[in-house]
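Protein chains in written order, with my numbering: chain F, 1 to 184; chain P, 185 to 352.
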Ligand SMILES: Cc1ncc(C[n+]2csc(CCOP(=O)(O)OP(=O)(O)O)c2C)c(N)n1
Ligand SMILES: [Mg+2]
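So, in structure tokens, the structure goes:
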């Protein structure tokens, strides 16, 4: 199972929640599968989806799902201690761990080799970390949404990308409609 | 009133309720003051680009954010300033210690100081330089300006502004 198949499965589960989505093909796939004003697409700035999601969760009470990638979490590993030490029980970090930099041609990341992001997240102090198979992501995410506890999900999947168009929405439009959805 | 209380009073008066910080010796007291204020959620970050991500999220969640950092962090955050803060047009006051200026005791700090204003100018970031204590009188206007235009704005505060480095 590849990332786009996970996104397709979880789309009905996340569509009514605030979602911050990782740069590149992940955002393109989510945008093509189920564009929503509650989706904040990152068009640049690799690594900050989890930080933006945490800031958003700390600032307001609605549930926030940050959909991140293994490569992006590796480039901003400092995010995990910050998440662990600033409790936001309305925050779910879903790391789609395909063991590669998918957007740039599936080059392997260290998460696909010896490094376990699950173990790293636990060592950073995140106390509710769940690693699952791609096939179980929907169920695990539903359970996390039903609970009121900050959750980090590491979904292990295969690498591969669906061919989707580039997002041409203006960034200020993405941001504006997202903020309106936050307030709604 | 101490300069630190004065600065944090201005932040609070301008509705800033989310502040992220990465320490600098020069900023220690103002960070302590931020941490003490019940009106401000203080979330220390591990790197300044991460901090700007937190600020972007907090802003979209309805809070007015600010970041407190050292000028060396300009080198860390250029990509984030351009592709997140500016591209999505978000306001971000940046209270920055301007290390490597007059009265600086550490030579290495000068290496980024000589690039600081040039980099900010290249990024079209409105930049203010506090050198005398009375320059703080401009802070309130700078904060209002930042949220009026929804841009990142730099407030460089040098050693002279902070009263030097004690006995160094
Ligand atoms: C600073 C920086 N370096 C490199 C890139 C190029 N880049 C864009 S997306 C990406 C891969 C991200 O991988 P991951 O987070 O694992 O997401 P995936 O596509 O695998 O789901 C890279 C390297 C970038 N955008 N910014
Ligand atoms: Mg990946």
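Ideal Cβ positions, reconstructed from N, Cα and C, are used throughout, including at glycine.
Examine ligand 1 and report whether any of its heavy atoms sits within less than 7 Å of the Cβ of residue i.
| i | result |
| --- | --- |
| residue 70 of chain F | yes |
| residue 39 of chain F | no |
| residue 22 of chain F | yes |
| residue 53 of chain F | no |
| residue 3 of chain F | yes |
| residue 259 of chain P | no |
| residue 112 of chain F | no |
| residue 14 of chain F | no |
| residue 6 of chain F | no |
| residue 236 of chain P | no |
| residue 251 of chain P | no |
| residue 65 of chain F | no |
| residue 96 of chain F | yes |
| residue 147 of chain F | no |
| residue 46 of chain F | yes |
| residue 336 of chain P | no |
Pick from the options: whose alpha carbon is nearest that of residue i?
| i | options | result |
| --- | --- | --- |
| residue 119 of chain F | F:77, F:166, F:170 | F:77 |
| residue 133 of chain F | F:155, F:85, F:151 | F:155 |
| residue 79 of chain F | F:49, F:166, F:20 | F:49 |
| residue 136 of chain F | F:114, F:150, F:157, F:163 | F:157 |
| residue 22 of chain F | F:39, F:153, F:129 | F:39 |
| residue 271 of chain P | P:336, P:311, P:187, P:250 | P:336 |
| residue 74 of chain F | F:108, F:30, F:174, F:42 | F:108 |
| residue 236 of chain P | P:326, P:344, P:219, P:273 | P:273 |
| residue 165 of chain F | F:7, F:20, F:25 | F:25 |
| residue 161 of chain F | F:69, F:173, F:58 | F:69 |
| residue 305 of chain P | P:258, P:188, P:227 | P:258 |
| residue 172 of chain F | P:232, P:267, P:312 | P:267 |
| residue 300 of chain P | P:290, P:285, P:291 | P:285 |
| residue 145 of chain F | F:126, F:184, F:62 | F:62 |
Around the C-beta of residue i, are 16 or more other C-beta atoms found within 10 angstroms, so that it is buried, or is it exposed?
| i | result |
| --- | --- |
| residue 170 of chain F | exposed |
| residue 352 of chain P | Any reading at residue 352 of chain P needs caution, since the residue's pLDDT is 47, under 50, leaving its predicted position unreliable; the model's value is listed next. So residue 352 of chain P counts as exposed. |
| residue 207 of chain P | exposed |
| residue 339 of chain P | buried |
| residue 210 of chain P | buried |
| residue 349 of chain P | exposed |
| residue 214 of chain P | buried |
| residue 194 of chain P | buried |
| residue 254 of chain P | buried |
| residue 186 of chain P | exposed |
| residue 204 of chain P | buried |
| residue 98 of chain F | buried |
| residue 86 of chain F | buried |
| residue 216 of chain P | exposed |
Taking only heavy atoms of ligand 2 into account, decide whether any of them is closer than 7 Å to the Cβ of residue i.
| i | result |
| --- | --- |
| residue 104 of chain F | no |
| residue 100 of chain F | yes |
| residue 109 of chain F | yes |
Which residue comes first and which comes last in the beta strand (DSSP E) that contains residue i?
| i | result |
| --- | --- |
| residue 202 of chain P | 200-205 |
| residue 317 of chain P | First-last for residue 317 of chain P: undefined, no H or E at that position. |
| residue 281 of chain P | 276-281 |
| residue 249 of chain P | 248-254 |
| residue 338 of chain P | 336-341 |
| residue 190 of chain F | The requested residue 190 of chain F does not occur in the structure, where chain F is confined to residues 1 to 184. |
| residue 153 of chain F | 151-156 |
| residue 172 of chain F | No beta strand (DSSP E) holds residue 172 of chain F; the alpha helix (DSSP H) holding it covers 171-183. |
| residue 39 of chain F | 39-41 |
Taking residue i as part of the alpha helix (DSSP H), name the residues at either end of that continuous run.
| i | result |
| --- | --- |
| residue 259 of chain P | 258-264 |
| residue 21 of chain F | No alpha helix (DSSP H) holds residue 21 of chain F; the beta strand (DSSP E) holding it covers 18-21. |
| residue 97 of chain F | No alpha helix (DSSP H) contains residue 97 of chain F, which is instead part of the beta strand (DSSP E) from 91-97. |
| residue 113 of chain F | Element bounds for residue 113 of chain F: n/a, residue is neither H nor E. |
| residue 329 of chain P | 323-333 |
Between the region 37-60 of chain F and chain P, which residues of the former have CB atoms less than 9 Å from a CB of the latter, in chain order? For the region 37-60 of chain F, the residues whose beta carbon sits under 9 Å from a beta carbon of chain P are, in order, 40, 42, 43, 44, 45, 46, 47, 48, 49, 50, 51, 52, 53, 54, 55, 56, 57, 58, 59, 60.
To be precise: take each residue of the region 143-175 of chain F, compare its Cβ to all Cβ atoms of chain P, and keep it if any distance is under 9 Å. Which residues remain? Listed in sequence order: 171, 172, 174, 175.
Residues in the region 68-97 of chain F having any Cβ partner in chain P nearer than 8 Å: Per Cβ criterion, the list reads 76, 78, 79, 81, 82, 86.
When you check each C-beta in the region 208-231 of chain P against every C-beta of chain F, which residues fall closer than 8 Å? Residues 225, 227, 228, 229, 230, 231.
Using a Cβ-Cβ cutoff of 9 Å, what residues of the region 108-140 of chain F are near chain P? List them in chain order. Going along the region 108-140 of chain F in chain order, one finds no residue with a Cβ nearer than 9 Å to chain P.
Anything in the region 244-261 of chain P with a Cβ closer than 8 Å to a Cβ of chain F? List those residues in chain order, please. Residues of the region 244-261 of chain P that bring their beta carbon within less than 8 Å of a beta carbon in chain F comprise 244, 245, 246, 247, 249, in sequence order.
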